[in-house]
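Its first residue numbered 1, the sequence shown is counted upward by one per residue in full-length UniProt numbering.
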Amino acid sequence: MQKFIRLFSFIFHPLFIPVYATLFYFFIAGNYYHQYEVYLLFVQVLILTVLLPVSLFYLLRSLGLIKSKLILSRKERRIPLVFYALLLFILLKQSFTDLVIPELYYFFLGLLISVLIILTLVILGFKPSIHMMYIAALTILIIGISVYYHTRFINLIAFMVLCCGFTASSRLQARAHSLPELLLGTLLGILPQVVLWFIWMF
Numbered sequence: 001m002q003k004f005i006r007l008f009s010f011i012f013h014p015l016f017i018p019v020y021a022t023l024f025y026f027f028i029a030g031n032y033y034h035q036y037e038v039y040l041l042f043v044q045v046l047i048l049t050v051l052l053p054v055s056l057f058y059l060l061r062s063l064g065l066i067k068s069k070l071i072l073s074r075k076e077r078r079i080p081l082v083f084y085a086l087l088l089f090i091l092l093k094q095s096f097t098d099l100v101i102p103e104l105y106y107f108f109l110g111l112l113i114s115v116l117i118i119l120t121l122v123i124l125g126f127k128p129s130i131h132m133m134y135i136a137a138l139t140i141l142i143i144g145i146s147v148y149y150h151t152r153f154i155n156l157i158a159f160m161v162l163c164c165g166f167t168a169s170s171r172l173q174a175r176a177h178s179l180p181e182l183l184l185g186t187l188l189g190i191l192p193q194v195v196l197w198f199i200w201m202f
């Protein structure tokens, strides 16, 4: 059971969430776009939110700036968060210029806001759960698209809520976070996304 719960920390690792969000959106609305547009944006998301951050992580480890393999300390989180915020900014400024996708644009904008808030809190000595921030943001995106396209994703939303619980349990089991840190991370994932609903949904 412990191995099963720990699996959720890997499946819903923050690096994978933007890819999941992009795949989910195009699964629902891919018919509205040319196939090459879908592939182009997906590749850009994959490079900027997965491949480059992973490369930076191993670079920082080789330089001795990061010693942990999985659970980073507050100090070790600063450079990756700054770099990731920069990559999200580049994604928003470059990848969405020719292709208008308000749902994904504001999802990534919400992620950028959440990352900047978490970076600020990390500098101040706090350690919100980035895992919970990302999975909560993805859950809110699914709810938003369900409402926007008038499509019932009740089973998927219920599944995502369940996954949020398993991911939180996984982080507690790994002693990576305390309960308040998990709740704070969840709140930071939800609030920016919900606030941005009022721009693209209504």
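Backbone N, C-alpha and C fix where the C-beta goes; we use that ideal spot for every residue, glycine too.
Residue environment: Q193 is assigned as buried (16 or more neighbouring CB atoms within 10 Å of its CB, all protein chains considered).
Scanning its chain for C-beta atoms nearer than 7 Å, with the 5 sequence neighbours on each side dropped, one finds around W200 the residues P102, E103 and Y106, in chain order. If you look at G125, you'll find it isn't in any alpha helix (DSSP H); DSSP assigns it neither H nor E. Cβ contact annotation for S170 (same chain, cutoff 6 Å, sequence separation greater than five): I5, R6, F8 and S9, in chain order. For S178, the secondary structure class from DSSP, reduced to helix, strand or coil, is coil. Residue environment analysis places V147 among the exposed positions, since fewer than 16 neighbouring C-beta atoms fall within 10 angstroms of its C-beta. By a beta-carbon distance limit of 8 Å, F96 does not contact P80. Their separation comes to about 23 Å. Contact between the stretch 124-133 and the stretch 31-51 is absent: fewer than 3 CB-CB pairs across the two stretches fall below 8 Å.
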